[in-house]
Amino acid sequence: MNGCLAPPYRMPTVTAVVVALAATFGTGLYAALGPAAASAGTWFPLGVLLAALLALGVVASTAHLSLARPAGPELARGDLPAPALRLGAVARVTSRVAAGSAAALVFGAYVLPTQPVTIAVVAVLAVVAVNAFGVRISHGAARGLVVGTLLALTVAIAVGLSSEGPQAVLSSAMPAAATGAGIAGDGAGTPDDPAVATLQAAIEPGPLGVLAAAGFVFLAFTGLSRVAELGGSLRDPVRAIRRAPALAVMITTLLLLLLSAALLRGLGASGLASASAPLAALMDTSSSAQVGVLVRIGAAAATIAALLGALSRAAAGAARLSREGELPAFLGRGGSRGTPWVADLTLGALTLAMTLLLSATTAIVVTVVAALVHHAVVHAAVLRLPGRPVRAAVVAVAGGVGCLVVAAAMPLWPLLATVGALAAGWLLCAVTARSRARAADEEPVRRTDPEEQAA
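Printed below as a string of structure tokens:
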């Protein structure tokens, strides 16, 4: 025995691929294709390809940023002017909170279609409590999630491709309770059932809707920065950060295209557009209700994992902003386990409010628009790096423009609501930063001994 400590564990690239896949095997696979079909009709598979291109651009810029300076993939002072950095940080936290709401609502739609909001609220409360106690998803759990998702999706794809087409009225069209107060804003109601939260009344399906469809599908790719955040935990950081997320994008894109074909064959474009739980609807209309239980279990596991990940990462982001002086100091308060429990509870409350007020479709729009804004800021940061390669600059320009164009193509009122939320968050951070900086400047004066002041 030489008394030397064992070297720390370093994650191999294969495990990094699993982590990246776990980040994409979430809400998007189970819910994004419905509103994408409502936006673009039978053209929506083109939106899948466009979303994949956007995701590959994000992967490239995130990798370049992560490997080019010590701060890793996180935006840091000096990357961009302070207002832009603040916007990127606020957009990231907003996207994660909205992603939690979307995951909860989709979880409810698959678990109990007749009372999805009730189930979604219970899920949010449970996950907030779990997060506050410091429970996180392990790499082993991520591996199980990936295997389970692949099994559930393989079953759904096989059933859809072997289907003879729509044979019954969809049993899982979006129920009234799933939409909350966000229905009217989606512009998705019909005279017969004003609580049907699809986009059929908001966007005329066709080629111009491909951009909006790409935005909805991009929901599946919003967590790809997770591998770059592992940083020093990777055995071969350069290889893993560059290749693992890109490979995950390709695998997820293939699955999305196969699902698109299966859902179009099994439900048709209009049936897919009106389904709040598309894969469950496919099982029901294909007379595969027994096998559909497996798909519902897979969807429940994937969406609850997405909810857990979104809220924990949102709280971590808010705590980081608090430590940097951008948000009130109490949000950075941690418990004995080192978890930011105050941020967990605060952002959990915001997620709960969104779950009660918005439909799943609206929550998806807020998630995607905020994520695209954050990624546009990341692309801009790459352009400011000294000595960047020409190819990195080209990808950053194309990716940044693409993110903003797709964000602008999303349904109008949720887009405006997201802009308002980002503006409010930005203003809160700006006011808080100024107030905390002023308090820090005054603190030495208050602590000075009165006799010293008199002298």
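Using numbering that gives the first Met the number 0, you'd call the opening residue of the sequence shown number 0 and step up by one each time.
The beta-carbon is built from N, C-alpha and C at its ideal position, and this holds for glycine as well.
The model shown is predicted, which means the values in this text are computed figures rather than measured ones.
With 16 other Cβ atoms within 10 Å as the buried cut-off, status of residue i
{"i": "G181", "result": "Legend: pLDDT at G181 = 36, less than 50; position of this residue unreliable, value from coordinates given subsequently. With 16 or more other Cβ atoms within 10 Å, it is buried."}
{"i": "L55", "result": "buried"}
{"i": "R332", "result": "exposed"}
{"i": "R437", "result": "exposed"}
{"i": "R295", "result": "buried"}
{"i": "M249", "result": "exposed"}
{"i": "T93", "result": "buried"}
{"i": "G33", "result": "buried"}
{"i": "P80", "result": "exposed"}
{"i": "E441", "result": "exposed"}
{"i": "A226", "result": "A quick correction: the sequence has Val, not Ala, at residue 226. So V226 ends up on the buried side."}
{"i": "T14", "result": "buried"}
{"i": "T361", "result": "buried"}
{"i": "S434", "result": "exposed"}
{"i": "A161", "result": "The displayed chain sequence assigns Ser, not Ala, to residue 161. Label assigned to S161: exposed."}
{"i": "G316", "result": "buried"}
{"i": "T252", "result": "buried"}
{"i": "A141", "result": "buried"}
{"i": "A167", "result": "Because the pLDDT at A167 is just 46, under 50, the model does not fix this residue reliably, and the value given afterwards should be weighed accordingly. Exposed: under 16 other Cβ atoms inside 10 Å."}
{"i": "G386", "result": "exposed"}
{"i": "A352", "result": "exposed"}
{"i": "V17", "result": "buried"}
As assigned by DSSP and simplified to three states, the class of residue i
{"i": "L262", "result": "helix"}
{"i": "P327", "result": "coil"}
{"i": "D440", "result": "helix"}
{"i": "V372", "result": "helix"}
{"i": "A31", "result": "coil"}
{"i": "L349", "result": "helix"}
{"i": "A201", "result": "Here the model assigns A201 a pLDDT of 42, short of 50, so the residue's position is not dependable, and the following value carries that caveat. Reduced to three states, the DSSP call for A201 is coil."}
{"i": "R76", "result": "coil"}
{"i": "T178", "result": "Summary for T178: the model assigns pLDDT 36, below 50, so the residue's position carries little reliability; its value from the coordinates is reported in the next sentence. Coil, per DSSP."}
{"i": "M409", "result": "coil"}
{"i": "P244", "result": "helix"}
{"i": "A187", "result": "Its pLDDT being 36, under 50, A187 is placed unreliably by the model, and the measurement read from it follows with that caveat. Reduced to three states, the DSSP call for A187 is coil."}
{"i": "S311", "result": "helix"}
{"i": "E163", "result": "coil"}
{"i": "Q114", "result": "coil"}
{"i": "G99", "result": "helix"}
{"i": "V134", "result": "coil"}
{"i": "F24", "result": "coil"}
{"i": "R390", "result": "helix"}
{"i": "L384", "result": "coil"}
{"i": "G333", "result": "coil"}
{"i": "S434", "result": "helix"}
{"i": "R68", "result": "coil"}
{"i": "S224", "result": "coil"}
{"i": "T338", "result": "coil"}
{"i": "L421", "result": "helix"}
{"i": "S94", "result": "helix"}
{"i": "L84", "result": "helix"}
In DSSP terms, what residue i is bridged to
{"i": "L233", "result": "M10"}
Selection from the options that minimises the alpha carbon distance to residue i
{"i": "S321", "options": "A429, L306, H373, L371", "result": "A429"}
{"i": "P112", "options": "A280, L344, D440, A392", "result": "A280"}
{"i": "Q289", "options": "A274, A151, S100, A423", "result": "A151"}
{"i": "L20", "options": "V158, A39, T221", "result": "T221"}
{"i": "L384", "options": "D78, S269, A31", "result": "D78"}
{"i": "A309", "options": "L74, V127, L45, P34", "result": "V127"}
{"i": "L344", "options": "F329, S358, L356, L357", "result": "F329"}
{"i": "G40", "options": "S259, S100, P115", "result": "S259"}
{"i": "A219", "options": "L427, V121, L49", "result": "L49"}
{"i": "L262", "options": "T117, V364, F43, A247", "result": "F43"}
{"i": "V365", "options": "L355, R234, L415, E323", "result": "L415"}
{"i": "L346", "options": "G46, P244, G99", "result": "G99"}
{"i": "L355", "options": "L124, A211, G214, P277", "result": "L124"}
{"i": "Y109", "options": "G291, R238, R68", "result": "G291"}
{"i": "A423", "options": "I156, T117, A88, M409", "result": "A88"}
{"i": "A408", "options": "F215, R234, A432, A380", "result": "F215"}
{"i": "A406", "options": "V368, L53, V376, H373", "result": "V368"}
{"i": "L403", "options": "L53, R95, V341", "result": "L53"}
{"i": "T12", "options": "L307, L229, A359, V393", "result": "L229"}
{"i": "A359", "options": "T284, L266, V120", "result": "V120"}
{"i": "W412", "options": "L357, P388, V389", "result": "L357"}
{"i": "S60", "options": "G265, A298, I240", "result": "I240"}
{"i": "A211", "options": "P69, L233, L104, G46", "result": "G46"}
{"i": "A67", "options": "A276, G270, P388, L86", "result": "P388"}
C-beta neighbour in chain B for residue i, strict 7 Å
{"i": "G222", "result": "Among the chains in the structure shown there is no chain B, since it carries only a single protein chain."}
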